[in-house]
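In mature numbering (1 follows the signal peptide of the UniProt record, and there is no 0), the protein residues as written are -26 to -1, 1 to 252.
Every residue gets a Cβ at the ideal spot worked out from N, C-alpha and C, and that includes glycine.
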Amino acid sequence: MVLSLSRSASAALRGAVMSLAVVALAACGSMGGLYSAIPGDNRPHSGVDRARSMPIHGIDVARYQENVDFARARSAGTHFVFMKATEGKDYLDPNFRVNWQRARDAGMPRGAYHFMTWCSLASEQAAWFTQNVPFDPSALPPVLDLEWNNHSSCKVKPNKADALEKIRLMLDVMERHTGKLPIIYTDMNFHRDILAGEYFPNAFWLRSTAAAPHERYENRPWTFWQYTQTGVVPGVRGEVDRNVFYGSTEEWLMFLHTGCDPRAIAALQRTGRCLPAK
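Here's what the structure looks like:
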């Protein structure tokens, strides 16, 4: 059951969101509207039309995308970026620090993600993440990237119970470090093997590059959808992953203000989470 906000809390949150909306819509006027300049896709699938109709678009980047011009991407209709920070217990993406600063300078909301590996302890990976990702109240929630990596030298696939224990430990440390409920990113195979049927309070970011998420994830509610890995975005050289936020501009601003999916804010605030940023 989703609990309702108190009348005063709801009014305060809505007032803050509307104030942000004025700023955001003014910025959109200088960007040619929300989706008049949304870039394309080199190999679109049938779900792209639905994704393109949604107002809030973003990208995710790693070492493969060099010298990203975040200001240009933002002016072309990109509203957010998630960027790879760390992997395992000892890998730092070589572009992370410069991407982190440049996106901030461009005024683009950005978040950091950690790629979970299965040959090192969750505690080691959590320590590596907190060592390398700065605490920044203005950042998007952190992301825990959960998938099997068939290209890694680590071929370990833990059983479900062990994997879930590591995941929950990692999520807990990431939340305590950033002050925000982490987002879970996953693909179909990992979701099927480990996450299906499991409850998490976290927002989900689902990879589904051949169909809409509800066709692949047993109707798992999603907050972000990675719908292509062959996107074309001004300011990014070559192809890039493209993503959409599930909701409206107002819901996006609520997400920015609280760090949580607006559909879950009321219930999560009862646990002390998702309180509006001060």
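*Give a yes or no on whether the minimum CB-CB distance between Asp119 and chain C is below 8 angstroms.*
Here chain C cannot be found, since the structure has a single protein chain.
*asked:* Ignoring anything shorter than 3 residues, give me the beta strand (DSSP E) runs that lie fully in the region 31 to 100, in order along the chain.
replied: 31 to 35, 54 to 61 and 84 to 89
_DSSP state of Asn193 mapped onto helix, strand, coil_ = coil
_For residue 254 and Glu149, I'd like the C-alpha separation in whole angstroms._
For the chain, the structure presents residues -26 to 252; residue 254 sits outside this window and is missing.
*Which residue or residues does DSSP assign as beta-bridge partners of Phe178?*
Ile158
_Quick check on DSSP: helix, strand or coil for Trp199?_
strand
*asked:* Under 7 angstroms: does the beta carbon of Thr183 sit that close to some heavy atom of the ligand ATP?
replied: What this structure holds is no ligand at all, so the ligand ATP is not there to describe.
*Proximity to Ala101 [Cα-Cα], best of Thr223, Gly85, Leu249 and Leu143*: Leu143
*Taking Asn106 as the reference, give the member of Thr91, Pro68, Pro132 and Cys93 with the closest Cα.*
Pro68
*Residues sharing a beta bridge with Asp119, DSSP*: Phe89 and Tyr159
*Starting from Val214, follow its DSSP beta bridges and name the residues at the other end.*
Gly205
*Pairing CB atoms from the region 27 to 42 with CB atoms from the region 202 to 212, are three or more of them under 8 angstroms?*
yes
_So, at 6 angstroms on beta carbons, what are the nonlocal neighbours of Ala137 in its own chain, with the 5 sequence-adjacent residues on each side left out?_
Ile168
*Whose C-beta lies closer than 7 angstroms to the C-beta of Gly3 among residues of the same chain, with five residues either side of it excluded?*
A caution first: Gly3 carries a pLDDT of 35, below 50, which makes its placement in the model unreliable, though a value can still be read off. Within the same chain, Gly3 has no close Cβ partners at all.
*asked:* What does the Cβ neighbour count give for Asn73, buried or exposed, with the cut at 16 atoms within 10 Å?
replied: buried
*For Phe219, which residues does DSSP report across the bridge?*
Phe198
*So what does DSSP say about Asp110, is it helix, strand or coil?*
coil
*Less than 8 angstroms between the CB atoms is what I'm expecting for Thr91 and Ser126, so what's the real figure, rounded?*
7 angstroms
*According to the neighbour-count rule (16 or more other Cβ atoms, all chains shown, within 10 Å of its Cβ), is Pro111 buried or exposed?*
exposed
*Roughly how many angstroms separate the alpha carbons of Ala77 and Lys140, rounded to a whole number?*
30 angstroms
*the region 222 to 237 in contact with the region 35 to 46 per 3-pair CB rule at 8 angstroms*: no
_Arg237 - containing alpha helix (DSSP H), residue span_ = Neither: Arg237 is in no alpha helix (DSSP H) and is coded neither H nor E.
*Sort Val214, Asp235 and Phe229 by Cα distance to Met57 and report the nearest one.*
Val214
_Backbone CA spacing between Gln203 and Ser27 [nearest angstrom]_ = 18 angstroms
*Can you tell me the Cα-Cα spacing of Ala238 and Asp64, whole angstroms?*
34 angstroms
*Look at the Cβ atom of Ala170, then the Cβ atom of Glu192, and state whether they are nearer than 8 angstroms.*
yes
_Beta carbon of Leu230 nearer than 8 angstroms to that of Pro83_ = yes
*asked:* Let's test the definition: count the other Cβ atoms within 10 Å of the Cβ of Ser10 and tell me whether it reaches 16, buried, or not, exposed.
replied: Only weak support exists for where Ser10 lies, its pLDDT of 29 falling under 50; the coordinates are left without a value.
*Where Phe103 and Pro156 are concerned, what is the direct C-alpha to C-alpha distance, given to the nearest angstrom?*
13 angstroms
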